[in-house]
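Reading through the structure tokens given below for one structure.
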Amino acid sequence: MTNATDALTLTGIWKRFPGVVANSNVNLTVRSGAVHAIVGENGAGKSTLMKILYGMQKPDDGTISISGETVIFNSPSDAIDHGVGMVHQHFMLAENFTVLENIILGSEPKQGLRLDLGAARLRLEDLARRYSLQVPFDSFVSDLGVGDRQRIEILKVLYRGAQILILDEPTAVLVPQEVDELFAALRDLRAEGITIIFISHKLDEVLEIADEITVMRAGTTVASIDPKSQSVTAGQLAELMVGSELPSPTTSGNTVRPEVVLAAANLTVANRDGKHVVDGVSFTIHSGEILGIAGVEGNGQAEIVDALLGVVPTSGNLSFLTEEISQWPTRKRREHGMAFIPEDRSRQGLLLDAPLWENRMLGHQSVAPNGGGFLIDPHGAKTDTERIVREYDVRTPSIEVSASALSGGNQQKLIVGREMSGEPKLLIAAHPTRGVDVGAQAAIWDHLRNARAAGLAVLLISADLDELIGLSDTIAVLLRGKFVATVDPHNVTPAILGSAMTGAGVSA
Amino acid sequence: MKLLRKIGESLLAPALALAFALVVTSAILAAFGANVITVFTQMWDYGSQASAIALILNLMTTYYLSAVAVAIGFKMNLFNIGVNGQYLVGGMVAAAVAGHMSLPGYLAIPITILVAMAVAALWAGIAGWLKVSRGVSEVISTIMLNYIAIGVISYLIVRTNIGEAVAFNVRGTRTIPLSGQMPGFTLPGADTPVYGFIFIAIAVGIGYWFLLNRTRFGFDLRASGMSPSAALASGVNSKKMALYAMLLSGAIAGLVALPDLLGSSHSYTLSFPTGYGFTGIAIALIGRNNPIGIAFGALLWSFLDVSSQQLDLIGVPQEIVTILQGVTVLAVVVAYELVRRNKVKAGQRSVGLALANQEAGA
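One line per chain: the protein sequences are A and B, in this order. Take any residue in the first sequence, note its place counting from 1, add 520, and you have its number in our numbering. Take any residue in the second sequence, note its place counting from 1, add 693, and you have its number in our numbering.
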């Protein structure tokens, strides 16, 4: 049923990948000039659907029509020719170019052979005014924050004439205040007749901005909701998404013991330019305590992790189980019970081309059951990998498959299992449930809670404020490399925390 | 059954690549008007004679050592282009030392081997040290060290009393006394002996496998190669690792000169063969840094080198073999990448299928 007011209609879209059906019989109608939200948990097929929509992938079956006309996209440039533009979750900008150069990159206005920057600037200033997307056109992208970068990405797409804008998890990298700014911009765009497809799994945001909501689950569209006429709560949406009730990250009781496991005093890390990206940070973590670090990404979290692991030069004191470890090499720290769940598992946590049992050894190659002295013990590692696969419910046919064959959630469960092995004393957990499905998330939370009860000290870094508030015993707020506030998770809301993260101060 | 499949999978890529290279070479031969069948049967007939087999095994021993030296670097993404300079320096010094030793063989030969390894390791260590302390790319520094090595060696042999006249108008290190030479064995029907050093090469292959797959050093090395960031987080000191890998690669490179030196030439002269290091790079690529794969690569390469000498006799330029070797390397690299991608996909598919079945069963 296609009619003139529909900007976009998808009918019976199928997309199969080896071993997986990513989209099965997806049907979607997006009204012109609406904000249409697509929600679903990780792996529900949203990303595949979007890739099909902007020409990155071709559906195996089904049709796409734009304003009633059936189209076939062979590449993203076909899509943009039909007015469909994509704003990616991870920005694709050249850091050492100015904003203006970034926007026109790839569709440069020319006068003869000369680049006509003047014309581009005029057009962009007009676009920016019309849609209230103000950005400093002459600044270098490297100097700009996340919010500006996102506006640049949106302008980039509008500059190419997009009438349908796809935003993939646009709020994942924003703090609440920036989210408000984004939503204001989206409302302006809508008022100007631009159609917006908004992919998210943050349901309160979806309810705030969307005119139409489509829920995806297991590769197919399971419900279409008009939040204006039907009253629907975030909880109901969530249940539609997962098909059952949601787990929640809460810990009960106080398990904090008197022994200090980790004490950092005046920890400072300088980047290559000599700038202090971690600037005199001090904190202690006790046995059985989860210390949460809240902060907008890029405020020094990654560097604190690096400093604790000992992979960057650091000044300040670091004591771990009463020993001064600031001069210890990484391996010695890890051998003494420092466990690590990295932020980016494929970069820091896994050898993707190696079998699972070799990945079991990674980071623990010098200790039992993987080895001792000079030699490694493949047999011991394999036996223990079997245990992890069983206890942590890693879905795999065998421990001989390479890590790259597992889904993100199962890779993460393997890492969690590995890091919980061998009685760690301190766990550094950076975004432990990022990009994993709801089931895996609940399991990982359980493991963290149990380990905490058993006396593990945990440093938890997370962009998911609910996770941070739910699990932590204490939350420290990190801004530009410094702790600017310490809050009690029992009486803080994500909104208050978000405002502290941007430097607006804690009002509670 | 599982093992058979694994072997089959790992042979698939090189077999495809070799077939492709043969087709390309045949096409070139045909374009020059040569009889393709005659060329290959001539090569085979000559290369399968006992004397030729001895030559092939000797060359293979040298190539194998060179390729293992290169492969150790490759395993952690270090490109040791300097195996050439390393074996020349190591070989020259070892030859000079061996020439002046009058010890029984069971002492003289091990000492010669150790000297060659130590000197070559030090030469490679210069590049390793420059890399970790000054960030100099080992590609550049090892290439430069190759030239420096040749210059230094020429100077020492021509201008100092390290060199002496070993034959009419030939300067070289003092000829190694009989006790310091390495005995070989003769294949039935052959007139050239096979170098005894072939057993050392076999031992090096086994040691290489053991080091990579059974020691923590090997695991750290492979982890660094697969993902430097993950290795770092796992506690590998990447600088130390790069230095050790360079030293080890150099030490093995030191062995490259010895099959010839201890087996036939017995003196390091200015006409000592110089290209083995580069051949080692090609063979390490063909063999995918795998000890068995490298053995096949070295065998193929030395067979082609030896049997190609027959080609001039039937009016075909023996350079055709160089083309065949070059195309093989390129084709192998492409074929492995295709097979690897296919394997990743197959892996994901099999995991997907197995899990779907599990779920259906549950």
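Beta carbons: idealized from backbone N, C-alpha and C, even for Gly. The model shown is predicted, which means the values in this text are computed figures rather than measured ones.
Cβ-based burial, residue i [other Cβ within 10 Å; buried from 16]
| i | result |
| --- | --- |
| G1054/B | For G1054/B, the predicted model reports a pLDDT of 47, less than 50, meaning its position is unreliable; a value from the coordinates is still stated below. It is exposed - the Cβ of G1054/B has fewer than 16 other Cβ atoms within 10 Å. |
| G755/A | exposed |
| D966/A | exposed |
| R494/A | Any question about residue 494/A goes unanswered here, given that chain A covers just 521 to 1028. |
| H951/A | buried |
| A935/B | buried |
| W737/B | exposed |
| S834/B | buried |
| P881/B | exposed |
| H793/B | exposed |
| N774/A | exposed |
| T1013/A | exposed |
| P797/B | exposed |
| G626/A | exposed |
| Q931/A | buried |
| A614/A | exposed |
Alpha-carbon spacing of residue i relative to residue j, whole angstroms
| i | j | result |
| --- | --- | --- |
| A743/A | W534/A | 17 Å |
| G911/B | I765/B | 9 Å |
| G1040/B | G986/B | 23 Å |
| V831/A | T850/A | 6 Å |
| R777/A | F840/A | 15 Å |
| V999/B | E1012/B | 12 Å |
| L727/A | I584/A | 26 Å |
| P921/B | N879/A | 14 Å |
| Q670/A | V816/A | 15 Å |
| T908/B | A938/B | 14 Å |
| N545/A | F593/A | 18 Å |
| M769/B | T1021/B | 24 Å |
| N616/A | F660/A | 6 Å |
| L978/B | T734/B | 27 Å |
| Y651/A | D708/A | 6 Å |
| L637/A | T531/A | 42 Å |
| E1030/B | V763/B | 20 Å |
| A1028/A | R827/B | With a pLDDT of only 41 at A1028/A, under 50, the local geometry of the prediction cannot be trusted, and the value read off the model is given with reservation. Their Cα atoms are separated by approximately 52 Å. |
| I824/A | V789/A | 8 Å |
| P696/A | A1015/A | 7 Å |
| A708/B | G701/B | 10 Å |
| A820/B | I774/B | 10 Å |
| L633/A | D580/A | 41 Å |
| Y848/B | R864/B | 11 Å |
| F1091/A | D913/A | Any answer about residue 1091/A is impossible in this case: the structure gives chain A only from 521 up to 1028. |
| G856/B | I850/B | 4 Å |
| Q821/A | S802/A | 13 Å |
Cβ separation of residue i and residue j, assumed to be a contact under 8 Å, to the nearest whole Å
| i | j | result |
| --- | --- | --- |
| V1036/A | L1017/A | Look at the range of chain A in this structure, 521 to 1028, and you will see that residue 1036/A is not part of it. |
| A788/B | T866/B | 4 Å |
| M1021/A | L999/A | 7 Å |
| G818/B | G943/B | 6 Å |
| V798/A | A827/A | 6 Å |
Residue range of the alpha helix (DSSP H) that includes residue i
| i | result |
| --- | --- |
| N622/A | V619 to I624 |
| G778/B | V776 to G792 |
| G986/B | P984 to S1000 |
| A977/A | That residue, A977/A, is in no alpha helix (DSSP H); its beta strand (DSSP E) goes A977 to I981. |
| R649/A | L637 to R650 |
| K945/A | Counting along the chain, K945/A falls outside any alpha helix (DSSP H), and DSSP gives it neither H nor E. |
Residue i - containing beta strand (DSSP E), residue span
| i | result |
| --- | --- |
| L807/B | Taken as a continuous stretch (DSSP letters only), L807/B belongs to no beta strand (DSSP E), being part of the alpha helix (DSSP H) at G798 to R827. |
| V607/A | V604 to V607 |
| E589/A | E589 to V591 |
| D581/A | D581 to I586 |
| E732/A | E732 to R737 |
| I976/B | Run containing I976/B: none in the beta strand (DSSP E); it sits in the alpha helix (DSSP H), Y969 to I979. |
| W848/A | First-last for W848/A: undefined, no H or E at that position. |
| A940/A | It should be pointed out that residue 940/A corresponds to Met in this sequence rather than to Ala. Run containing M940/A: none in the beta strand (DSSP E); it sits in the alpha helix (DSSP H), G928 to M940. |
Contact the region 768-781 of chain B vs the region 941-956 of chain B: 3+ CB pairs below 8 Å:
yes
For the region 999-1012 of chain B against the region 879-887 of chain A, are there 3 or more C-beta pairs whose distance is under 8 Å?
no
Contact between the region 743-750 of chain B and the region 866-883 of chain B is defined here as three or more beta-carbon pairs at a separation below 8 Å; is this criterion met?
yes
Meets three-Cβ-pair contact criterion under 8 Å: the region 682-695 of chain A and the region 558-578 of chain A:
yes
Within 8 Å, do at least three Cβ pairs link the region 972-985 of chain A to the region 802-813 of chain A?
yes
The region 858-867 of chain A touching the region 933-950 of chain A, judged by at least three CB pairs closer than 8 Å:
yes
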